[in-house]
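Quick notes on the structure that follows.
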Amino acid sequence: MRRVVHGLFVFALALPLAARAQVALTPPALEPGAFERLALRVANAAPSPVVHVRLVVPDAVAVLGVDAPPGWTGRLIPVTDSTPQAVEWTGGELPTGGFREFAVFARLAADVRRADLVFLLQLTRLDGSTVSWRRGGEGAPLIVGVRGTTTVSTWGATALAGAAAGLAMLALVLALYRRRS
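Here the sequence shown is numbered in my numbering, starting from 133 and rising by one per residue.
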């Protein structure tokens with residue numbers, strides 16, 4: 133009995149690790165304002181083929197194009213008041229032991245601060261079962277970092293230049309006033 137309970141415990145702990153191991157999103161970090169090709173790689177270890185892939189994309193990432201592997205159809209689902217922006221691939225089958233790469237051409241907003249971007253993923257299989265990579269789900273969400281820092285906008289640069297000019301004028305006036313005294 134102890135062995136059965138121990139085996140079930142180990143299996144329960146290993147299940148989320150297996151869920152995380154069959155998907156990957158690259159590159160691991162994005163540059164603010166840069167155009168990037170995001171590659172979602174999915175390997176199917178389950179006995180039922182994967183027939184639907186849904187990737188929820190953070191608001192800071194603008195999806196410019198969707199590429200689908202042969203036999204699949206990709207489409208962008210724009211953000212609405214009640215649903216986030218997502219990309220879905222349907223129409224194909226990813227068999228047991230199979231591997232596919234699903235691509236998205238995107239641009240990270242130029243004003244994004246250094247932080248982690250959370251991509252949520254859901255795979256649906258032919259038998260109707262689903263597996264999700266999300267907070268509180270079967271697996272951890274897919275995380276992509278932000279490289280570099282944000283740049284100063286034109287308005288911000290103008291404000292900084294104005295402040296610097298004002299300080300220079302104040303320093304000049306004080307220097308002239310001290311010279312007279």
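Glycine included, every Cβ here is placed at the ideal spot set by N, Cα and C.
query                                                                                                  : result
Stretch-stretch touch, CB-based, cutoff 8 Å, three pairs: the stretch 170–180 with the stretch 256–267 : yes
Of the listed residues Arg-312, Pro-190, Arg-310, nearest to Thr-212 (C-alpha basis)                   : Pro-190
Helix, strand or coil at Thr-290 [DSSP, three-state]                                                   : helix
Length-filtered (3 minimum) beta strand (DSSP E) runs lying within the stretch 151–233                 : 155–158, 167–175, 182–188, 193–199, 205–209, 218–226
Cα-Cα separation, Leu-162 to Arg-246                                                                   : 10 Å
Beta-carbon spacing of Val-155, Leu-274 below 8 Å                                                      : yes
Coil, strand or helix - Gly-298 by DSSP                                                                : helix
Contact check, Ala-194 vs Ala-241, beta carbons under 8 Å                                              : yes
Per-residue burial, Leu-299 [other beta carbons within 10 Å of its own, 16 or more giving buried]      : exposed
CA-to-CA distance, Leu-196 to Ile-209, given in whole angstroms                                        : 12 Å
Of the listed residues Val-198, Pro-227, Val-185, nearest to Phe-237 (C-alpha basis)                   : Val-198
Asp-259: first and last residue of the uninterrupted beta strand (DSSP E) it sits in                   : Unbroken run through Asp-259: none, as it is neither H nor E.
Three-state class that DSSP yields for Arg-312 in the structure shown                                  : helix
Distance, Asp-243 Cα to Arg-232 Cα                                                                     : 33 Å
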